[in-house]
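Participant:
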Amino acid sequence: MNNTYKFFKWVASLGLALGLSGCMHDDIVDYVAQDTETLETYLNSNNIDYYKTSTLGQGYGVYITPPDVITPLPGEPEENDVRIIQSTLDLRKFDQSLIDNEQIGSNPDELVTQVFLKDSLYTFAVRRGAICLGYLDALINMQRGPVAERVYIPSYLAFGGTASSGIGLEFNDIVTAENLKIVDVRDARSQAEYEKALALQYAADSIDGFVSAEQGLMDSTSVVATDFYGEGQDLILNDYIVKHTITEGEGDLIAVGDTVKVRYEGKFANLGSNSERAKATLVFDDNITEKDGSMPDALQVVVYSNSQDASEKNASTQVINGWYKALRSMKVGEKAIFVMPSHVAYWETGDNPNTFDLFKTIRPFKTLVFTMEIKKDEQ
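For reference, each letter of the sequence shown is one residue, going -26 to -1, 1 to 353 in mature numbering (1 follows the signal peptide of the UniProt record, and there is no 0).
Here you go:
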């Protein structure tokens, strides 16, 4: 959604259908009224000071505690908004009746249940919206720097009629954002510079034998988005791909039009968390380990100049823009590590633009690391 503010008003004008209809129980429940009563009764009975946002109008809003983190001038989304917000992320389930079949007391901490997410930092483009509507509503009403100890997000501004047993999310769950803080606000260029620094730091810390980025891929450029600043005003950024060669190849460089078979491993450069769960999900994709007792085939890729060219020509197998750049820097037999900023990977959409960020394997603005090998005997 390129205009999140219009989306705010559109949702409100519909009466928040997800919140009102819920998960299609026999009796239709007004979840807006129910959540409002539940939260305000709880907050008032426990003498918790809060601020209820009014950005959406019509009485819809999230509850921010403590209220002194609020900004007097909410940063509502605007047409062609270029802000990229990085925030802390600790999103949890809120349940007033049962947690693991145990009765709930009145301690606020006892109302926090299933931790949803593996990242402790979350970055998103305001023009596309955040992990849920209430999360964005909270952040645009907060000052930069101070910490909101807890933000209560009603179900109709969270995930509405969505459920997922894998993360403990049930239909029309109220959720909370814990210790919410705006870490930084950037634009596309400063985000690219931030990820350049992150990529170089990752390489220095994590790649054996790394001294400096190899020439070529740091200074090459790509059109990241057409008409980004208005008609005819494209967003063009340096690729900032950090390359480290492990095994030299032979012959000519791979060129546009060549077909190659690639062995690879893809992982996150920085999950922002030291948890065991985070470490276990560091690798998000590969074809170098056995699956169901057999080794996957190498990935066959026809090399294009960039991902837009591949899309326009309806390539049967399409990869991210950074891959096309990386492959054209390699030779047959070569093995190398590439640290790729998000603007040459999945950038502001993540790996699936059509689903909640909550359910994406690769969320927006994630710097990725690929170990790629073009084995001679597989070509």
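The beta carbon of each residue, even a glycine, is placed where N, CA and C say it ideally should be. Just so you know, these numbers come straight off a predicted model, no measurement behind them.
1. Identify whether TYR168 lies in helix, strand or coil by the three-state DSSP scheme.
2. Mind checking which residues open and close the beta strand (DSSP E) that includes ALA187?
3. Short of 6 angstroms in beta carbon distance, which residues of its chain neighbour ILE311, apart from the five on each side in sequence? Order them along the chain.
4. Comparing alpha-carbon positions, which option in SER279, THR136, GLU152 and SER290 lies nearest PHE145?
5. Runs of 3 residues minimum, wholly inside the segment 19 to 60: which ones carry the beta strand (DSSP E) assignment?
6. What three-state label does DSSP hand TYR5 in the structure shown?
7. Restricting to Cα atoms, I'd like to know which of ILE336, VAL185, GLU352 and ASP9 is closest to ASP147.
8. Helix, strand or coil: which one does DSSP assign to PHE333?
9. Restricting to runs no shorter than 3 residues, where is the beta strand (DSSP E) found entirely within the segment 181 to 237?
10. Looking at LYS350 and GLY296, is the spacing between their C-beta atoms short of 8 angstroms?
11. Tell me, which residues are paired with TYR126 by DSSP?
12. Taking the straight line between their C-alpha atoms, what separation do you get for PHE98 and ILE348?
13. Using 8 angstroms for Cβ pairs, my map puts VAL216 next to ALA173. What's the rounded Cβ distance?
14. For the candidate residues ARG302, THR335 and PRO315, whose alpha-carbon lies nearest to that of THR341?
15. On the DSSP bridge list, what partners appear for GLU264?
16. Check for me: the beta strand (DSSP E) holding LEU273 runs from which residue to which?
17. Give the single residue among ASP331, PHE330 and TYR298 whose Cα lies nearest to the Cα of ALA319.
18. Where does ARG237 land, buried or exposed, given buried means 16+ other C-beta within 10 angstroms?
19. Give me the Cβ distance between LYS241 and VAL257, rounded to the nearest whole Å; I'm assuming they're in contact under 8 angstroms.
20. Measuring only the C-alpha atoms, how far is MET(-26) from PRO327?
21. Less than 8 angstroms between the CB atoms is what I'm expecting for SER303 and GLY231, so what's the real figure, rounded?
22. What three-state label does DSSP hand THR62 in the structure shown?
23. Can you grab the Cα-Cα spacing for the pair LYS309 / TRP321, in whole Å?
24. Give the DSSP-derived three-state secondary structure of TYR96 in the structure shown.
25. Buried or exposed for ARG251, going by 16 or more other Cβ atoms inside 10 Å?
26. Need the endpoints of the beta strand (DSSP E) that LEU342 sits in, please.
27. Three Cβ pairs or more, each shorter than 8 angstroms: is that satisfied between the segment 126 to 134 and the segment 154 to 174?
28. Where does the unbroken beta strand (DSSP E) through ASP158 begin, and where does it stop?
29. So, using beta-carbon positions, are ASP93 and LEU63 closer together than 8 angstroms?
30. On a Cα-Cα basis, can you pick out the residue from ALA122, ASP283 and ASP179 that is closest to LEU154?
31. For THR263 and GLN207, what's the separation of their Cα atoms in angstroms?
32. From this set, ASN21, PRO51, ILE294 and GLY225, which residue's C-alpha is nearest LEU30's C-alpha?
33. Any idea what DSSP makes of GLU352, helix, strand or coil?
34. Provide the residue(s) that pair with MET314 in DSSP beta bridges, ordered along the chain.
35. In angstroms with no decimal places, state the Cα-to-Cα distance between VAL343 and MET192.
Facilitator: Concretely, from the data shown:
1. Against the sequence shown, residue 168 aligns to sequence position 194. Helix, per DSSP.
2. On the sequence shown, position 213 is the one that residue 187 refers to. Looking at the DSSP string, ALA187 is not in any beta strand (DSSP E), and its letter there is neither H nor E.
3. By 1-based counting over the sequence shown, the position of residue 311 is 337. Within the same chain, Cβ atoms closer than 6 angstroms to the Cβ of ILE311 are found at ILE181, HIS218 and THR345, the five residues on either side in sequence being excluded.
4. Position 171 of the sequence shown, counted from the first residue, corresponds to residue 145. Out of SER279, THR136, GLU152 and SER290, THR136 has the C-alpha closest to the C-alpha of PHE145.
5. 37 to 39
6. Against the sequence shown, residue 5 aligns to sequence position 31. Helix at TYR5.
7. If you number the sequence shown from 1, residue 147 lands on position 173. Checking every option, the nearest Cα to that of ASP147 belongs to ASP9.
8. Residue numbering aside, residue 333 sits at position 359 when the sequence shown is read from its first letter. Judged by DSSP in its simplified three-state form, PHE333 adopts helix.
9. 195 to 199, 209 to 212 and 216 to 221
10. As a working note, residue 296 is residue 322 in the sequence shown. As a working note, residue 350 is residue 376 in the sequence shown. No, the Cβ-Cβ distance between GLY296 and LYS350 is not below 8 angstroms.
11. Here the question's residue 126 lines up with position 152 in the sequence shown. DSSP, once it has assigned bridges, lists TYR37 and THR150 as partnering TYR126.
12. Residue mapping note: residue 98 aligns to position 124 of the sequence shown, counting from 1. Residue mapping note: residue 348 aligns to position 374 of the sequence shown, counting from 1. Straight-line Cα distance between these residues: approximately 34 angstroms.
13. Here residue 216 corresponds to residue number 242 of the sequence shown, with the count starting at 1. Here residue 173 corresponds to residue number 199 of the sequence shown, with the count starting at 1. That pair is a contact at about 5 angstroms.
14. Mapped onto the sequence shown, residue 341 falls at position 367. Considering only alpha carbons, the answer is PRO315.
15. By 1-based counting over the sequence shown, the position of residue 264 is 290. Note: GLU264 sits in no beta bridge, so no partner.
16. The residue labelled residue 273 in the question sits at position 299 within the sequence shown. 273 to 276 is the extent of the beta strand (DSSP E) around LEU273.
17. On the sequence shown, residue 319 is found 345 positions in, with the first residue counted as 1. Ranking ASP331, PHE330 and TYR298 by Cα distance to ALA319 puts TYR298 first.
18. Position 263 of the sequence shown, counted from the start, is the residue given in the question as residue 237. Flag for ARG237 reads buried.
19. Start at 1 with the first residue of the sequence shown, and residue 241 comes out as number 267. Start at 1 with the first residue of the sequence shown, and residue 257 comes out as number 283. Indeed they touch by this definition, with Cβ atoms about 4 angstroms apart.
20. Indexing the sequence shown from 1 puts residue -26 at position 1. Indexing the sequence shown from 1 puts residue 327 at position 353. Per-residue confidence for MET(-26) stands at a pLDDT of 42, beneath the threshold of 50, marking its modelled position as unreliable; no derived number is given.
21. Taking the first residue of the sequence shown as position 1, residue 303 is located at position 329. Taking the first residue of the sequence shown as position 1, residue 231 is located at position 257. Going by Cβ atoms, the distance from SER303 to GLY231 rounds to 16 angstroms, so no, they are not a contact pair.
22. Here residue 62 refers to the residue found at position 88 when the sequence shown is read from its first residue. Here THR62 sits in strand by DSSP.
23. As a working note, residue 309 is residue 335 in the sequence shown. As a working note, residue 321 is residue 347 in the sequence shown. Going from the Cα of LYS309 to the Cα of TRP321 covers about 25 angstroms.
24. As a first step, residue 96 is located in the sequence shown; it is residue number 122 there, counting from the start. Assignment of TYR96 by DSSP, reduced to helix, strand and coil, places it in the strand class.
25. Position 277 of the sequence shown, counting from 1, holds the residue named residue 251. Low confidence applies here, because ARG251 scores a pLDDT of 45, under 50, leaving its location unreliable; read the following figure in that light. Exposed is the call here.
26. For the purposes of this step, residue 342 is identified with residue 368 of the sequence shown, where counting begins at 1. From DSSP, the beta strand (DSSP E) with LEU342 extends over 342 to 347.
27. Short answer: they don't touch.
28. Within the sequence shown, the letter at position 184 stands for residue 158. Residues 156 to 160.
29. The count along the sequence shown starts at 1 and reaches residue 93 at position 119. The count along the sequence shown starts at 1 and reaches residue 63 at position 89. A contact, by the Cβ cut-off of 8 angstroms.
30. Numbered from 1 along the sequence shown, position 180 holds the residue referred to as residue 154. Distances from the alpha-carbon of LEU154 to those of ALA122, ASP283 and ASP179 put ALA122 closest.
31. Position 289 of the sequence shown, counted from the first residue, corresponds to residue 263. Position 233 of the sequence shown, counted from the first residue, corresponds to residue 207. The alpha-carbon atoms of THR263 and GLN207 are separated by roughly 44 angstroms.
32. Against the sequence shown, residue 30 aligns to sequence position 56. Of the listed residues, the one whose Cα sits closest to LEU30 is PRO51.
33. Along the sequence shown, read from residue 1 onward, the residue named residue 352 stands at position 378. The answer is helix: DSSP assigns GLU352 an H, G or I state.
34. Counting from 1 along the sequence shown, the entry for residue 314 is found at position 340. According to DSSP, which records beta bridges pairwise, MET314 is partnered with LEU342.
35. As a working note, residue 343 is residue 369 in the sequence shown. As a working note, residue 192 is residue 218 in the sequence shown. Taking the straight line joining both Cα atoms gives about 15 angstroms.
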